[in-house]
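Protein chains: 2
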Amino acid sequence: MSLPAVSHPANPDAGAALPPSREAVEAVTQALAARFGNRLVTSLAVRQQHGHTLTWIPNQAPDAVVFPQSTEEVSEIVKLCAAHGIPVIAFGTGTSLEGHVNAPFGGVCIDMSQMKRIIAVHAEDLDVVVEAGVTRKELNEHLRDQGLMFPIDPGADASIGGMAATRASGTNAVRYGTMKDNVLALKAVMADGSIVQTSTRARKTSAGYDLTRLLVGSEGTLGIITEITLKLHGIPEAIAAGVCPFPSIKAACDTAIMTIQTGIPVARIELLDEVMIKGFNLHSKLGLPETPMLFVEFHGTDAWVKEQSERFGEIAADHGGGPFDWATKAEDRTRLWEARHNGYWAGRALRPGADTLATDVCVPISRLADCVDETKRDIEESGLIAPIAGHVGDGNFHTQPLLDLADPEEVARVQGFIDRLVKRALAMGGTCTGEHGVGQKKIKYLELEHGAEAVALMRTIKRALDPQNILNPGKIIAL
Amino acid sequence: MSLPAVSHPANPDAGAALPPSREAVEAVTQALAARFGNRLVTSLAVRQQHGHTLTWIPNQAPDAVVFPQSTEEVSEIVKLCAAHGIPVIAFGTGTSLEGHVNAPFGGVCIDMSQMKRIIAVHAEDLDVVVEAGVTRKELNEHLRDQGLMFPIDPGADASIGGMAATRASGTNAVRYGTMKDNVLALKAVMADGSIVQTSTRARKTSAGYDLTRLLVGSEGTLGIITEITLKLHGIPEAIAAGVCPFPSIKAACDTAIMTIQTGIPVARIELLDEVMIKGFNLHSKLGLPETPMLFVEFHGTDAWVKEQSERFGEIAADHGGGPFDWATKAEDRTRLWEARHNGYWAGRALRPGADTLATDVCVPISRLADCVDETKRDIEESGLIAPIAGHVGDGNFHTQPLLDLADPEEVARVQGFIDRLVKRALAMGGTCTGEHGVGQKKIKYLELEHGAEAVALMRTIKRALDPQNILNPGKIIAL
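So the sequence lines, in the order shown, correspond to chains A and B.
The first sequence begins at 502 in this note's numbering and counts up by one.
The second sequence begins at 502 in this note's numbering and counts up by one.
Here it is in structure tokens:
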């Protein structure tokens, strides 16, 4: 069995003591097996696949994995677990990066991969209702023929439920917003198994508390998202994209600031440092000059895309950047964004055989150049290789330290670097996580970022909505 | 005294019984007078000005009005009221429409009008930090020299705190979103007097529960908003606006749908029915043909605004609308939007001497034409005059029934009409309020819209965050 080594003090205020007893776990597992047959799996391999499998966070497997096919089945499972005080952990595609799907107290993992219905596409209203297990690529595949798209793109082909639960975003949040801005309504199963519909398909409402946004980003700790109503967009008539080199990180950041301030509705504007560009060249053979770069994309009509591109080129030139080459050919764009999305592998190409992980701070854009510059100095002083890629329009950037996880000294060095990076971003008025979420690993920074009163308020909400602490315990809030 | 005729059953689950005892009210009033001097007012006239003063909802005045000058003073006031179980009601400019600022259980009104500091403008980051009493016009006046604007425009010159508390929006939400989309962070005083900062100035974050969105739209029932960090936008280089007549409501709605689906980023797109146009002609001498109309506005560069306007004109013509006359002259635009904003008075011009009030349903845009058509039939069958104006890009529209409040039969007829209108919108997948909020009058529709489980969840949140039920009691949630 994989019950955790981590001990959790029994806390009567937080409901049932965790971990639950073996008897309770077995009672629930047997009841689920009787109800769900071979959709309840307890083999070690499958359980471990449903713990955290990426980065250096240790795998903490659940006791069992169940594959529901409807919201009502999720409700049944949660009611059963609630009756026995057993943790329930929702699982999408397992691409989260901070230990979100680990089961530190064991319990039942609810795998959403058999909930893949696209329930209704409302083309006139530019919205769609999907089950939580649909992935963003599956959704876009389904929408393409109708000239529609769901733009939020965190890189991984994550499930829509998981994206909502972590408040995901990615390269084009600068234009289209994050999941917080693109979820109109949710259906969710609460800690007592009740099913809540948070809102309607109306584009806006002032009818009561914003339950939708309370659940978006709650990482399965307040409710289990089973259905999502999303905003859609028409596929743009014209798209232009290109790369622009800069003499410095600051010149690239200042160009991004001016681009946004001028009102150019840039669809993507990605900062890559010279180390990351080197990785791209090694991995994707892009043949780019190894200097800081902006990768940009514009959406609109032919004329408008041309005007945006030309204006951006002028702003870049004013800051010593360029030449800016932009292309409207789909294959050129695809090559560019594939390279960007393969950043993880490109980074690893810089130190073959090394492990890696991702950081995720976000600062006000005016502080971005300072934050990146100080971070690069820290990387150098720490003797690390750590390429940088940033969603510069939002002030969000990732470093990707390369390390040997078997070397404790190197692990400690990287941990020290990440700790300084987070504190640097917080000191600049930023956040410890722009889009990856808190999971297990960022809990320790929450109070530093939000203050004790705000974290106490989050804790009050968690306790009120999940008095037994069975919904993804050990994530976001330390009870 | 104006303590309420409404009786409220003492409910131990919901904390202290309301209304509070006279002794408690007097103890608090005396303590506030000692602390705040002439910033504590108990005269009947001032108290009545701080109850609901618009529409037909009866005025329910607080016991006292206090004018704090800082978040810390608000915290002091709330702590004092909490210690005595006295209600506290936050007050901005008093322009809310559903009885939001009424004091059905008496208590202390916190008037934010002496909290008008614009704390910091961050031009590079396109954000601003303001105190809750700053109005949107005051803010835009302050920003103009820097080429910046805060676009959300509910018509009234409301306070930013009040706009956040009601999740306000208005004519240009179709382009710039509602308050939910434009508040980056809040400072708020909670029911125990603690001060919470909900987030940072980072453009996006996944760091914990979305306390910002939980407070936006909570109408002072979960916390008292004292400071707001808002997103800003650059003032567009070019603006074009114009009016376009249509043969029918449906043709106008279909034009709006196609405009948005095509990806034209229209900044405003307002539907006016022929009755409202008649009111405009009477009140503002616009000389328009009395047929359904769209008033539209486009923001961008000269070339882009021209392209948007021409494309919109083509779409309108395809639906039998037009001619579409658009102008880029500021004085023409001002005349147009002044007429639109004076809709309240224009409506009243249709029946001089009559009283009026506003409805606020919002439906998926594909149902808007049906909803407006059925509503117009209902208006006719009910023998009412009720012009219609709608934020058609969001599916939100207002009717403005004209009536004599002294005539009980007419009041009953209008109440019946409003009830049918709300139920019609809900049956079409819409909401009872797109932007005005719940206040006192929409409480009865919340369960019909959201279901018993979602309302129970809202009640759980309210009880957890305000166990004594002292924050604006009697609004949003019936405890």
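Even for Gly, the Cβ is constructed at its ideal location relative to N, Cα and C.
Can a CB atom of chain B be found closer than 8 angstroms to the CB of A/R925? It does not; no Cβ of chain B falls within 8 angstroms.
Should B/G718 and B/R769 be called a contact, given that it needs their Cβ atoms to be closer than 8 angstroms? no
Tell me whether the beta-carbon of B/G634 lies closer than 8 angstroms to the beta-carbon of B/G593. yes
Suppose you measure from the CA of B/A887 to the CA of B/D774; what does that come to, to the nearest Å? 10 angstroms
Starting from the Cα of A/L966, find the closest Cα among A/L723, A/V923, A/I944, A/A535 and give me that residue. Nearest to A/L966 by alpha-carbon distance, out of A/L723, A/V923, A/I944, A/A535, is A/L723.
Whose Cβ in chain B lies nearer than 7 angstroms to the Cβ of A/C933? A708
Measure the beta-carbon distance from B/Q561 to B/P605 and round it to whole angstroms, keeping in mind my assumption that it falls under 8 angstroms. 5 angstroms
If you scan the region 679-715 of chain A from start to end, which runs of the beta strand (DSSP E) of 3 or more residues do you find wholly inside it? Fully enclosed beta strand (DSSP E) runs of 3 or longer: 684-690, 696-698.
Candidates A/I729, A/G823, A/M777, A/R868: closest to A/P746 by CA position: A/G823
For A/H553, would you say it is in contact with chain B, using Cβ-to-Cβ distances shorter than 8 angstroms as the test? no
For B/S544, count the other beta carbons within 10 Å of its own beta carbon; 16 or more makes it buried, fewer makes it exposed. Which is it? exposed
Does B/S571 come within less than 8 angstroms of chain A when only Cβ atoms are used? Not one chain A Cβ lies under 8 angstroms of B/S571.
Going along the chain, which residues of the region 740-767 of chain A sit with their C-beta nearer than 8 angstroms to a C-beta in chain B? I758, I761, Q762, T763, G764, P766
Proximity test, Cβ basis, 8 angstroms: A/M959 and chain B: So, interface residue.
For B/N897, the nearest candidate out of B/D871, B/T530, B/A742 (CA to CA): B/D871
Does any residue of chain B bring its CB to less than 8 angstroms from the CB of A/M664? no
Since A/P563 contacts A/G607 with CB under 8 angstroms, what's their CB separation in whole angstroms? 6 angstroms
Cβ pair count under 8 angstroms reaching 3, the region 873-890 of chain A against the region 904-922 of chain A: yes
What first and last residue would you give for the alpha helix (DSSP H) that runs through B/I758? 750-762
CB-CB under 6 angstroms to B/V630, same chain, minus the five flanking residues each way: which ones, in chain order? I620, A621, T730
If B/D658 and B/N673 are in contact, beta carbons under 8 angstroms, what's the gap, nearest whole angstrom? The pair is not a contact, with the Cβ atoms about 16 angstroms apart (cut-off 8 angstroms).
So that I know if they touch, is there some Cβ in chain B lying closer than 8 angstroms to that of A/L904? no
Bridge partners of A/P746, per DSSP? A/M794
Excluding five sequence neighbours on each side, which residues of the same chain lie with their C-beta closer than 6 angstroms to the C-beta of A/R834? Closer than 6 angstroms at Cβ, skipping near neighbours: A742.
Kindly give me the distance between the Cβ atoms of A/G624 and A/L649, rounded to whole angstroms, as I take these residues to be in contact under 8 angstroms. Rather than Gly, the amino acid found at residue 624 of chain A in this sequence is Ala. Sure, about 6 angstroms apart at Cβ, within 8 angstroms.
Classification of A/E950 by the beta-carbon crowding that lies within 10 angstroms, buried from 16 upward: It counts as buried.
Minimum Cβ-Cβ distance from A/W805 to chain B less than 8 angstroms: yes
Amino acids of chain B, ordered along the chain, whose beta-carbon sits closer than 7 angstroms to that of A/T802: Listed along chain B, the residues sitting closer than 7 angstroms to A/T802 by beta-carbon distance are E808.
Which class does A/D819 belong to by DSSP, given the choice of helix, strand or coil? helix
Please compile the residues from chain A whose C-beta is within a distance smaller than 7 angstroms of the C-beta of B/A986. The first residue shown for chain B is 502 and the last is 980, placing residue 986 of chain B beyond what the model contains.
Chain B contact residues for A/D626, given Cβ-Cβ distances below 7 angstroms: By Cβ distance, chain B contributes P865, I866, S867.
Interface residues of chain A around B/G718 at Cβ under 9 angstroms? T706, S707, A708, G709, Y710, D711
Exposed or buried, which one is A/Q809 when buried takes at least 16 other CB atoms within 10 Å? Buried is the call here.
Endpoints, beta strand (DSSP E) assigned at B/L783: B/L783 -> not in any beta strand (DSSP E); alpha helix (DSSP H) instead, spanning 775-785.
Could you tell me whether any Cβ in chain A is nearer than 8 angstroms to the Cβ of B/P737? For B/P737, the answer is yes, since a Cβ of chain A falls inside 8 angstroms of its Cβ.
A/L869 to B/N970, Cα distance in whole Å? If I take the Cα positions, the gap works out to 43 angstroms.
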